[in-house]
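All remarks here apply to the structure that follows.
Numbering (our numbering), first residue to last: 1 to 401.
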């Protein structure tokens, strides 16, 4: 079977459930050339991990294979070691200087209040009313911004996400480029006004930036902002749908004892739901993967979600096992470009699942979920639910939490 038939991720069926395609390509063509994408698709865990880990053979930076990027697009998401080291280390230090658990707990309390406030009311869209405000509150608080709204950012997020699949649909690219420029303009204002003071101060650590370094910081923080919003937004929708459709998963979470057990559970939920579905690299040198000759300059796309259900690595990969101990999932990618915000995402998964423990019995779906038409980020775009009235009056404590 040809690669396009094996992997056509923007069809309605694939957007609804991409895993039949992922399973088929992983088991029948784990390294294969996709002519429509002009790229190699890699879908088994071992080779995906190899590509992501080995930055000497597989580059993120197109300049290493003769490409170009504008100065305003040069950032730690693009740069490979050793170029990324200083700024990546600074931003990592800045992130870890924030009280990420407190930030997520505050967002969780707000989400709980919003859900309780919908009790007995008409159906509403979880993505617009719960997921987007929660994701915005988390990333805004992390960066120290207090006035950027979900309504203002959602169109940029959607355009940026859809543009990630411009290889399959080139018409998406222009809107994504415009959205990226607008986000960098907003972040530039924050940086130059000193608005996200705690985050920027921790990132700079007293340094004065040259113009080139300032552009790199702005572009890098824009990337952090979008990635932080994307993961929390996507996981909020996915966890809500899972709680309604699979209440036994919440029962298993409720029975967990201790922070270590709940941390394992958060990793397992990430592995199973895999909001980041794919990421790409360039072959920096002539090389091979599973005997396939890969030429320098070729694009290599690692299908993270396919790798996260590889039965060679994960026992019963289609099952949610909250106690899974061997779990080298690639939900945050791997290697020098592993997700900077992993601790934030894991904290939110634990916090929001706790919110759902109490409220899921009152939630019901009132229509079909609609997914964002993206093969790179799996995120629900519309999730209609209703919150029923409680069977007994809520205590003052629970109503005000």
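From the three backbone atoms N, C-alpha and C, an ideal C-beta is built for every residue, glycine too.
Judged by DSSP secondary structure, residue 39 falls within the beta strand (DSSP E) whose first and last residues are 39 to 42. Residues of the same chain with a CB within less than 8 Å of the CB of residue 263, apart from the 5 flanking positions on each side, are 346 and 350 in chain order.
About 7 Å separates the beta carbons of residue 362 and residue 390, which is inside the 8 Å limit, making them a contact pair. The C-alpha of residue 274 lies about 33 Å from the C-alpha of residue 189. Under DSSP, residue 33 takes part in a beta bridge, and its partners are 40.
Considered as a whole, the region 241 to 314 harbours 247 to 254, 259 to 273 and 304 to 307 as its complete alpha helix (DSSP H) runs of no fewer than 4 residues, in chain order. Non-local beta-carbon contacts of residue 296 in its own chain, meaning distances under 6 Å to residues more than five positions away in sequence, involve 283, 285 and 286 in chain order. Taking all protein chains shown into account, residue 248 has fewer than 16 neighbouring C-beta atoms within 10 Å of its C-beta and is therefore exposed. The Cβ atoms of residue 176 and residue 159 sit closer than 7 Å to each other. By the 16-neighbour rule on beta-carbons within 10 angstroms, residue 11 is exposed.
By the Cβ-count criterion, residue 122 is exposed, with fewer than 16 other Cβ atoms from all chains shown falling within 10 Å of its own Cβ.
Of all alpha-carbon atoms in 117, 145, 168 and 300, the one lying nearest the alpha-carbon of residue 186 is that of 145. The continuous beta strand (DSSP E) containing residue 382 extends over residues 380 to 382. Between the region 47 to 58 and the region 318 to 325 there are fewer than three inter-stretch CB-CB distances shorter than 8 Å, so the stretches are not counted as touching. At the C-beta level, residue 364 and residue 378 stay beyond 7 Å of one another. Under the three-state reduction of DSSP, residue 351 is assigned to helix.
Between the alpha carbons of residue 114 and residue 133 lies a gap of roughly 10 Å.
Residue 230 sits in a helix when the DSSP states are folded into three classes. The region 80 to 134 contains, as complete alpha helix (DSSP H) runs of 4+ residues, the segments 85 to 96 and 100 to 117 (chain order). Checking the DSSP bridge columns, you'll see residue 220 has no partner listed. A check of alpha carbon separations from residue 330 across 313, 24, 344 and 14 identifies 313 as the nearest. Put simply, of 67, 182, 98 and 112 the residue whose alpha carbon is nearest the alpha carbon of residue 353 is 112. Ranked by Cα distance from residue 142, the options 344, 369 and 376 are led by 344. Following the DSSP letters along the chain, one finds residue 363 inside the beta strand (DSSP E) bounded by residues 363 to 365. The DSSP-derived three-state label of residue 387 is strand. For residue 59, the three-state secondary structure derived from DSSP is strand.
Inter-residue distance for residue 39 and residue 278 is about 13 Å (C-alpha atoms, whole angstroms).
The region 91 to 102 and the region 335 to 343 touch, with three or more beta-carbon pairs separated by less than 8 Å. Cβ-Cβ distances below 6 Å link residue 309 to 317 in the same chain, with the five nearest sequence neighbours on each side left out; the list follows chain order.
For residue 105, the CB contacts under 7 Å within the same chain, skipping 5 residues up- and downstream, are 351 in chain order. Straight-line spacing of the CA atoms in residue 294 and residue 62 works out to 16 Å. The DSSP-derived three-state label of residue 370 is strand. It is roughly 20 Å from the alpha-carbon of residue 382 to the alpha-carbon of residue 120. Note that the C-beta distance between residue 131 and residue 237 is below 7 Å. Measuring C-alpha to C-alpha distances from residue 48 to each of 289, 161 and 110 identifies 289 as the nearest.
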